[in-house]
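Peer 1: So the protein lines, in turn, are chains A and B. First residue of the first sequence: 1, per full-length UniProt numbering; consecutive thereafter. First residue of the second sequence: 1, per full-length UniProt numbering; consecutive thereafter. Even glycine gets a Cβ: it sits at the ideal position worked out from N, Cα and C. The model shown is predicted, which means the values in this text are computed figures rather than measured ones. Dumping the structure here so I can ask a few things about it.
2 protein chains.
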Amino acid sequence: MSDTTDHKTGRPTLADVAALAEVSRAVVSRALSPSPRPVSADKRERVLRAAEALGYRPNPLARSLTTKRTNLVAVVVNHIHDLSDLDLFDRLLGEIQAIGKQVLLLKVGSVDRVEAFLREGVAHHVDAALVWSDFADAATVRRMFRSDLVVMMNGCHDALSPAVVPDEAVGIREAVADAAAKGVHSAALVTGRASSAIEGERVASYRAAFEAEGIALAAVLQGDYSYASGRAAAAAFQHEATPDAVFCTSDAMAMGVLDACRRFFPDDRPSRFRLYGFDNLSITDHDAYPISSIGFDKAGFVEHIVRFVVHPETFVPGSPPVGVPTRFFPRATG
Amino acid sequence: MSDTTDHKTGRPTLADVAALAEVSRAVVSRALSPSPRPVSADKRERVLRAAEALGYRPNPLARSLTTKRTNLVAVVVNHIHDLSDLDLFDRLLGEIQAIGKQVLLLKVGSVDRVEAFLREGVAHHVDAALVWSDFADAATVRRMFRSDLVVMMNGCHDALSPAVVPDEAVGIREAVADAAAKGVHSAALVTGRASSAIEGERVASYRAAFEAEGIALAAVLQGDYSYASGRAAAAAFQHEATPDAVFCTSDAMAMGVLDACRRFFPDDRPSRFRLYGFDNLSITDHDAYPISSIGFDKAGFVEHIVRFVVHPETFVPGSPPVGVPTRFFPRATG
DNA sequence: CTGTTAGCGCATTCAA
DNA sequence: TTGAATGCGCTAACAG
């Protein structure tokens with residue numbers, strides 16, 4: 001008779017299954033292992049039956065302690081709103097679950113938060129950390145999760161960690177070329193947080209494209225990616241001379257600009273300037289915000305990330321970030 | 001000389017700290033414990049210094065194995081898009097992290113997925129599971145995570161698990177009363193998935209409110225909460241007699257209805273019918289979708305959930321779900 | 001193929 | 001206050 005069950009917590013352990021099936025713990029471990037391991041057919045059968053009878057559920061934590069694999073993948077963001085791209089995130093979550101791992105979602109909206117995590121040491125070990133937050137560099141994240149595998153999507157990578165970033169220059173060139181072809185000679189740029197590495201490169205790409213197409217950069221307005229900041233920025237167009245085109249580094253800001261201008265110039269049917277956004281949010285497919293935008297293939301993006309998680313060995317230290325090409329998506333405002 | 005470091009993995013363990021500080025492992029454990037425990041000042045000092053020198057980070061998994069607390073909280077959703085309410089989710093994530101726990105995000109878009117989790121037994125032990133997905137009942141979730149504490153937000157609760165649900169009837173009555181006060185006599189209802197428990201109650205609330213206000217229910221159209229399904233549903237209004245008002249059980253569907261009607265009746269300035277949404281999404285504060293809606297206090301909602309996580313003992317088995325009152329948010333379309 | 005043994009990293013008895 | 005010993009639940013290494 002097994003008397004190990006209920007010794008502490010009510011939940012049956014592997015030892016209980018072994019006792020009931022009258023085999024050793026090792027056999028139970030092997031029979032229940034996801035990977036095929038040598039167990040005779042009849043013992044396997046007895047084990048499965050016993051596990052079923054007891055309602056046994058393995059404890060992944062205990063397993064991790066010996067295997068050194070937690071099947072946990074951290075996703076680190078500034079705020080949930082970084083995932084404005086819910087489509088991308090939904091797909092990512094699905095793929096991670098499909099490879100038998102689970103997502104630990106962390107938001108670290110400031111450098112303070114990162115340091116707090118480090119100090120308190122509460123962050124779980126994970127098999128991999130996927131970083132969108134730009135408040136954390138690769139080295140810090142490696143310490144934070146004691147994981148050697150961190151994939152950086154925030155534009156800050158180092159030699160030891162792979163990175164996947166949209167190659168934004170391509171799409172930006174296409175968008176600016178589109179504007180030029182339509183007779184645009186002057187443009188304003190509405191930007192996000194200047195401190196972010198990605199944003200710096202993005203702005204540089206716009207400047208280069210304007211230069212190449214002979215478009216004058218009439219103004220640079222500072223926003224924070226949000227709808228509200230887009231609206232605020234658009235106030236500049238109400239009184240001053242409006243440029244031929246306005247480029248925003250996020251669709252949300254472009255939506256704000258669009259709404260502000262609809263209010264300023266209610267009867268201005270053919271819009272007073274061409275408007276270009278960034279992100280290719282799904283809402284730009286709604287009638288109310290038909291904003292020409294720049295986006296990338298989400299499936300491809302996720303595929304690269306997951307590949308690093310599944311085959312970390314394919315990463316050669318020091319290699320450059322994997323670029324996912326962006327492209328221009330023309331819509332009514334462009 | 002300590003030779004325990006680097007024996008397997010390079011990461012220092014508690015034993016390494018003990019060796020360097022020249023104290024026992026127990027002392028290190030106590031000195032580094034979050035809760036105050038008896039350690040002499042000088043030893044504590046030596047331990048902290050040694051831990052710092054080694055870059056020691058405790059392993060939460062190993063700790064969990066003995067404490068039976070993982071500091072993990074599962075959030076279970078159908079799809080990420082359930083979190084249309086990103087504001088709510090962002091706040092929830094913040095609060096959970098504030099109490100020293102971390103969020104494990106699971107999507108189980110179908111009953112199959114739930115069963116797969118159960119079968120594969122890969123779900124981590126968690127301190128609590130917060131369930132939005134309506135593909136999982138409380139008992140199943142308890143088995144899934146071997147956790148006694150699951151909080152149901154999907155409308156399916158049982159005697160053993162607490163539940164927090166918006167009290168939708170209040171807001172619905174207010175919205176319908178608003179319509180009645182404005183002379184609405186007939187209404188159409190655009191609904192989501194009929195199978196969901198929440199949706200069933202919601203529809204019943206609308207029916208009751210219509211009845212109470214003497215509004216005739218002209219049509220019930222089936223959607224799936226999405227923008228696209230709202231657009232499709234609106235086709236019915238193009239040819240048939242339009243009702244005085246259209247009530248949608250999600251803002252996304254209301255947005256679809258609005259855009260479809262703008263297209264059908266482009267010059268119909270004073271809209272042909274009043275439109276009411278549900279969820280009070282932040283986008284309804286944008287100019288383009290000024291949809292009167294029904295929402296609830298997100299801070300209060302999250303507060304209730306977190307309270308159950310922190311003080312599970314406050315839940316009395318068998319008690320009814322905690323209701324968070326909703327209210328009507330009038331906007332231009334109402 | 002099987003069972004025994006020895007840890008994984010930590011918290012917690014219990015004596016001292 | 002301290003340290004030695006024990007065990008959490010499981011897998012891996014080894015010998016049969």
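Measure from the alpha carbon of K298 of chain B to the alpha carbon of each residue in B:V126, B:L86 and B:V28, then state which is nearest.
Peer 2: Position 298 of the second sequence, counting from 1, holds the residue named residue 298 of chain B. The shortest Cα separation from K298 of chain B among B:V126, B:L86 and B:V28 belongs to B:L86.
Peer 1: To which residues does DSSP link Y276 of chain B through a beta bridge?
Peer 2: Taking the second sequence and counting its residues from 1, the one referred to as residue 276 of chain B is at position 276. B:F247 and B:S292.
Peer 1: Do the region 170 to 187 of chain A and the region 274 to 288 of chain A make contact, defined as three or more Cβ pairs closer than 8 angstroms?
Peer 2: Yes, the region 170 to 187 of chain A is in contact with the region 274 to 288 of chain A.
Peer 1: Go ahead and pull the three-state DSSP assignment for G10 of chain B.
Peer 2: Counted from its first residue, the second sequence places residue 10 of chain B at position 10. Coil.
Peer 1: For the beta strand (DSSP E) containing M144 of chain B, list its first residue and its last residue.
Peer 2: Reading the second sequence from its first residue, position 144 is the one you call residue 144 of chain B. Element bounds for M144 of chain B: not the beta strand (DSSP E) but the alpha helix (DSSP H), A138 to F145.
Peer 1: Would you call the CB atoms of V39 of chain A and A31 of chain A closer than 8 angstroms?
Peer 2: Against the first sequence, residue 39 of chain A aligns to sequence position 39. Against the first sequence, residue 31 of chain A aligns to sequence position 31. Yes. Within cutoff.
Peer 1: To the nearest angstrom, how far is the alpha carbon of D101 of chain B from that of F145 of chain A?
Peer 2: Position 101 of the second sequence, counting from 1, holds the residue named residue 101 of chain B. Position 145 of the first sequence, counting from 1, holds the residue named residue 145 of chain A. The residue asked about is misnamed: residue 101 of chain B is Lys in this sequence, not Asp. In a straight line, the C-alpha of K101 of chain B is about 15 angstroms away from that of F145 of chain A.
Peer 1: Sorted by chain position, which residues of the same chain lie with C-beta nearer than 7 angstroms to F265 of chain A's C-beta, five sequence neighbours on each side aside?
Peer 2: Numbered from its first residue, the first sequence carries residue 265 of chain A at position 265. Taken in chain order, the residues that qualify are R272.
Peer 1: Throw me the rounded Cβ distance for the V257 of chain B and A234 of chain B pair, which I believe falls under 8 angstroms.
Peer 2: Looking up residue 257 of chain B in the second sequence gives position 257. Looking up residue 234 of chain B in the second sequence gives position 234. With a Cβ gap of about 4 angstroms, V257 of chain B and A234 of chain B count as contacting.
Peer 1: Excluding the 5 residues flanking P317 of chain B on each side, which residues of the same chain have their C-beta closer than 7 angstroms to its C-beta?
Peer 2: As a working mapping, residue 317 of chain B is identified with position 317 in the second sequence. Closer than 7 angstroms at Cβ, skipping near neighbours: A159 and L160.
Peer 1: Report buried or exposed for V324 of chain B, applying the criterion of at least 16 other Cβ atoms within 10 angstroms of its Cβ.
Peer 2: Residue mapping note: residue 324 of chain B aligns to position 324 of the second sequence, counting from 1. By the 10 Å Cβ count, V324 of chain B comes out buried.
Peer 1: Which one of B:D279, B:S133 and B:R231 has the shortest CA to CA distance from A175 of chain B?
Peer 2: Here residue 175 of chain B refers to the residue found at position 175 when the second sequence is read from its first residue. The shortest Cα separation from A175 of chain B among B:D279, B:S133 and B:R231 belongs to B:D279.
Peer 1: Pick helix, strand or coil for T242 of chain A, following the three-state DSSP scheme.
Peer 2: Looking up residue 242 of chain A in the first sequence gives position 242. T242 of chain A: coil per DSSP, three-state reduction.
Peer 1: Any residues in the UniProt domain "HTH lacI-type" (12 to 67) of chain A with a beta carbon nearer than 7 angstroms to a beta carbon of chain B? Which ones, in chain order?
Peer 2: Against chain B - using a Cβ distance shorter than 7 angstroms - the residues of the UniProt domain "HTH lacI-type" (12 to 67) of chain A are R57, P58, N59, P60, L61, A62, S64 and L65.
Peer 1: Looking at S292 of chain A: is its Cβ nearer than 8 angstroms to the Cβ of R263 of chain A?
Peer 2: On the first sequence, position 292 is the one that residue 292 of chain A refers to. On the first sequence, position 263 is the one that residue 263 of chain A refers to. For S292 of chain A and R263 of chain A, no; Cβs fall outside 8 angstroms.
Peer 1: Can you pull out the residues from the region 116 to 136 of chain B whose beta carbon lies closer than 8 angstroms to at least one beta carbon of chain A?
Peer 2: Residues passing the 8 angstroms Cβ filter: E120, G121, V122, A123, H124 and H125.
Peer 1: Whose CA, out of A:L65, A:A62, A:T67 and A:L92, lies closest to the CA of A74 of chain A?
Peer 2: Working through the first sequence from its first residue, we reach residue 74 of chain A at position 74. Nearest of A:L65, A:A62, A:T67 and A:L92 to A74 of chain A, Cα basis: A:L92.
Peer 1: Which of the three DSSP states is assigned to F329 of chain B in this structure?
Peer 2: Translated into positions along the second sequence, residue 329 of chain B becomes position 329. Strand, per DSSP.
Peer 1: For M255 of chain B, I'd like the list of residues in its chain whose CB is within less than 8 angstroms of its CB, leaving aside the five on either flank, ordered along the chain.
Peer 2: Taking the second sequence and counting its residues from 1, one reaches residue 255 of chain B at position 255. Once the five neighbours on either side are set aside, the close Cβ partners of M255 of chain B are Y227, G230, G277, I283, Y289 and I291.
Peer 1: How many angstroms separate the CA atom of I294 of chain A from the CA atom of T191 of chain A?
Peer 2: The count along the first sequence starts at 1 and reaches residue 294 of chain A at position 294. The count along the first sequence starts at 1 and reaches residue 191 of chain A at position 191. About 14 angstroms.
Peer 1: How long is the line joining the alpha carbons of L189 of chain B and A216 of chain B, rounded to whole angstroms?
Peer 2: One-based indexing of the second sequence puts residue 189 of chain B at position 189. One-based indexing of the second sequence puts residue 216 of chain B at position 216. Computed Cα separation, rounded: 11 angstroms.
Peer 1: Can you pull the chain A neighbours of T70 of chain B, defined as C-beta to C-beta under 8 angstroms?
Peer 2: Working through the second sequence from its first residue, we reach residue 70 of chain B at position 70. Within 8 angstroms Cβ-Cβ: L61.
Peer 1: Pick helix, strand or coil for T66 of chain B, following the three-state DSSP scheme.
Peer 2: Counted from its first residue, the second sequence places residue 66 of chain B at position 66. Residue state, collapsed to three classes: helix.
Peer 1: Which stretch, first to last residue, makes up the beta strand (DSSP E) that contains S205 of chain B?
Peer 2: Against the second sequence, residue 205 of chain B aligns to sequence position 205. Counting along the chain, S205 of chain B falls outside any beta strand (DSSP E), though it belongs to the alpha helix (DSSP H) covering A197 to E213.
Peer 1: Across which residues does DSSP place K43 of chain B in a beta bridge pair?
Peer 2: For the purposes of this step, residue 43 of chain B is taken as the residue at position 43 of the second sequence. Note: K43 of chain B sits in no beta bridge, so no partner.
Peer 1: Would you mind stating whether K43 of chain B and V17 of chain B have Cβ atoms separated by less than 8 angstroms?
Peer 2: By one-based count along the second sequence, residue 43 of chain B stands at place 43. By one-based count along the second sequence, residue 17 of chain B stands at place 17. No, they are not a contact pair.
Peer 1: Could you give the distance in angstroms between the alpha-carbon of L14 of chain A and the alpha-carbon of G55 of chain A?
Peer 2: Within the first sequence, residue 14 of chain A is the residue found at index 14, counting from 1. Within the first sequence, residue 55 of chain A is the residue found at index 55, counting from 1. Between L14 of chain A and G55 of chain A, the C-alpha separation is close to 11 angstroms.
Peer 1: Less than 8 angstroms between the C-beta atoms of M152 of chain B and V131 of chain B, yes or no?
Peer 2: Residue 152 of chain B sits at position 152 when you count from the first residue of the second sequence. Residue 131 of chain B sits at position 131 when you count from the first residue of the second sequence. Yes. Within cutoff.
Peer 1: Which residues bound the beta strand (DSSP E) around residue 371 of chain B?
Peer 2: There is no way to answer for residue 371 of chain B, as the model of chain B reaches only from 1 to 334.
Peer 1: Taking only beta-carbon atoms, is I80 of chain A less than 8 angstroms away from chain B?
Peer 2: On the first sequence, residue 80 of chain A is found 80 positions in, with the first residue counted as 1. I80 of chain A counts as touching chain B.
Peer 1: Taking only the alpha-carbon atoms, compute the straight-line gap between A252 of chain B and F89 of chain B and give it to the nearest angstrom.
Peer 2: As a working mapping, residue 252 of chain B is identified with position 252 in the second sequence. As a working mapping, residue 89 of chain B is identified with position 89 in the second sequence. Taking the straight line from one Cα to the other gives about 18 angstroms.
Peer 1: Using the DSSP secondary-structure output, state which residues sit across from K107 of chain B in a beta bridge.
Peer 2: As a first step, residue 107 of chain B is located in the second sequence; it is residue number 107 there, counting from the start. For K107 of chain B, which the question treats as bridged, DSSP gives the partners B:V77.
Peer 1: Along the chain, where does the alpha helix (DSSP H) that runs through S29 of chain A open and close?
Peer 2: Walking along the first sequence from the start, residue 29 of chain A turns up at place 29. Residues R25 to L32.
Peer 1: Ends of the alpha helix (DSSP H) at A177 of chain A?
Peer 2: The residue labelled residue 177 of chain A in the question sits at position 177 within the first sequence. E168 to A181 is the span of the alpha helix (DSSP H), which, as asked, contains A177 of chain A.
Peer 1: What is the DSSP secondary structure of residue 337 of chain A, counted as helix, strand or coil?
Peer 2: This structure gives no information on residue 337 of chain A, because the portion of chain A shown stretches from 1 to 334.
Peer 1: Only counting the same chain, and skipping five residues up and downstream in sequence, which positions put a Cβ closer than 6 angstroms to that of V203 of chain B?
Peer 2: The residue you call residue 203 of chain B lines up with position 203 of the second sequence. T191.
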